[in-house]
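In what follows, a single structure is set out as structure tokens and then discussed.
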Amino acid sequence: MKHWSEREKIIFHIDCNSAYLSWESIYRLSKGITTIDYRTVPAIVGGDPKTRRGIVLTKSIPAKKYGIQTGETLHKALQKCPHLVILKPNYGLYMMCSNAMMEILEEYSPKIQRFSVDEVFLDFTGMTDLLGDPITVANKIRERINDELGFTVNIGISSNKLLAKMASDNLGKPNKTHELWPEQIEEKFWPLPIEDLFMVGRATAPKLHKLGIRTIGQLAQTDINHIKYTLKSHGVMIWQYANGIEDSTVRKSNYVTMKGVGNGTTIAYDIDRIKEAYYYLLSLSESIGMRLRASGNMCSVVSISIRYSDMSNKQHQRKLFTPTDTTDNIYRIALELFDATWSGEPLRQLRIRTSGLVPNTHRQTTLFDRVNSEKVRNLDFVVDDIRKRFGKNSIIRGTLVDTELSAVTGGVVDEYPMMTSLI
DNA sequence: TCTGGGGTCCTAGGACCC
DNA sequence: TCTGGGGTCCTAGGACCC
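To convert, count from 1 in the first sequence and add 90; that's the numbering used here.
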């Protein structure tokens, strides 16, 4: 194997082990909320502990021993382990933990990409003269995160982002450093099941099985044209991944390239009265409008999607003549789209998404704008400011007062990192 | 007995234009 | 009376990620 000093590129992938669960644990221990370290007992983060509904987001290692899987329902998980501890997710806390880790990582390279709240790529190329060999540095980083922040991470090292990620994800957890260089692909990467490959999910795996492909190695050695025929461009991409081919750069902060802002909410009971759906849409519009304005953008497309009780989805979108960032506009369009889409069947989930973002610096008004649109817009900014200072529910729309809804529904964490589905 | 919430990207089909 | 080919834009739906 080559010596590290001969490597053209050295990429780290840092992945927090059971991120949400570790962070909840540390937080609750440090605040004296509990004396139990939830990492050491069967526990999960996800859903609502009171209603016992929702899905498992992260599980502890003891919970894993009960066969509990990420993504399964709390109901199912509780059947496997009746005394399972359920913790409600708190995204603001996770963002703080993530930021603290970023601060440490910034000492090791200027080229860092936050891939999600708990995953980071770090370009270590050219840093060896200054900091030493990659393995020693990676181990040092793990040690520091553990000592200073109290949680463990896995670190994968390779010559590109894909292999670095595969190394930290699939070669053993927790608290480990793994190398996966191109010349080790055959031995360490190819024996893994095809499901472990990045971008092979629920729909693609069965298609590959039909072609007789069960391991990453089998995909890598299949004729690319054969794969291309059945899986199109997605097939070409995963074939390249299986062969360790991937060449993207570690880009700084991906939230600046944000493509859209959206929110959705699952309705606890099947709502069938149209007025209640309107309240939800208003509350969602408030949060989207607020985040849009905070990001300095306006949207030129508004879309809504509806999920019915049978889990089927319907979606409807509209391109706007003039981009907007006012809550009122988003809400009105969402209502029209909803009315044109809803079949009248009971609803499970409502979602609004805005896209086609343009900076709000050169705002254009048209004759067709609402009469007092500028006033409405200014009011939005005033309300945003009050909510920022006094809390989300300090100002609430009259129509929402008598409902159980929050004034603002949906994530409002500032600068929440955007996941890009492609590396 | 049920299935979160935040995203991105790709594809197919229709409308429209030259 | 019959109707090409290429391009762009828009919409709906599906697949994937953490």
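Backbone N, C-alpha and C define an ideal beta-carbon position, used for all residues, glycine too.
Y198 carries a coil assignment under DSSP once its states are collapsed to helix, strand and coil.
Fewer than three Cβ pairs drawn from the segment 136-147 and the segment 261-278 lie within less than 8 Å of each other, which leaves the two stretches out of contact. For F102, the uninterrupted beta strand (DSSP E) segment begins and ends at 101-106.
Straight through space, the alpha carbons of K322 and D208 are spaced by roughly 31 Å. Taking the Cα of D418 as reference, the smallest distance to any Cα among V491, T493, N468 is reached at N468. Judged by beta-carbon spacing, I247 lies beyond the 8 Å limit of P281, meaning their Cβ atoms are not closer than that value. Around the CB of K149, 16 or more other CB atoms lie within 10 Å, so the residue is classed as buried.
Relative to the Cα of S484, the nearest Cα in the group Q407, C389, V498, E276 belongs to V498. Spatial neighbours of E196 in its own chain (CB-CB distance under 8 Å, excluding positions within 5 residues in sequence) are listed in chain order as I202.
Apart from sequence neighbours up to five positions away, the residues of its chain that approach I394 with a beta-carbon distance below 8 Å are L371, Q405, H406, Q407, A424, L427, F428, T431, L440, R441, I442, R443, ordered along the chain. Assignment of V491 by DSSP, reduced to helix, strand and coil, places it in the coil class. Residues of the same chain with a CB within less than 8 Å of the CB of M217, apart from the 5 flanking positions on each side, are I100, Y198, S199, V227 in chain order. Here E464 carries a helix assignment [DSSP, helix/strand/coil].
The DSSP-derived three-state label of S373 is helix. Within the segment 139-191, the complete alpha helix (DSSP H) segments at least 4 residues long are 151-155, 164-170, listed from N- to C-terminus. Sorting G240, F288, L239, T242 by C-alpha distance to the C-alpha of L253 places F288 at the top. In the pairwise beta carbon analysis, the segment 373-381 is classified as not touching the segment 329-343: fewer than three pairs are separated by under 8 Å.
With distances taken between CA atoms, K170 lies nearest to I134 out of A190, Y184, I134, M185. Sixteen is the threshold: since fewer than 16 other Cβ atoms of the shown chains lie within 10 Å of the Cβ of E494, the residue is exposed. Inside the segment 221-273, DSSP marks whole beta strand (DSSP E) runs of 3 or more residues at positions 243-248, 267-269, from first to last along the chain. When the five nearest sequence neighbours on each side are left out, the beta carbons in the same chain lying within less than 8 Å of the beta carbon of T312 are those of L301, I303, W329, in order along the chain. Residues I202, R204, V210 of the same chain have their beta carbon placed closer than 8 Å to that of M192, with the five preceding and five following residues left out of the count. DSSP places I485 outside both helix and strand once states are collapsed to three, so it counts as coil. Taking each of Y421, E233, I486 in turn and checking the Cα distance to Y368, the smallest one comes out for Y421. When DSSP reads this structure, P449 sits in a beta bridge with N387. Non-local C-beta neighbours of K482 in its own chain, meaning closer than 8 Å and more than five positions away in sequence, comprise S496, A497, V498, V502, ordered along the chain.
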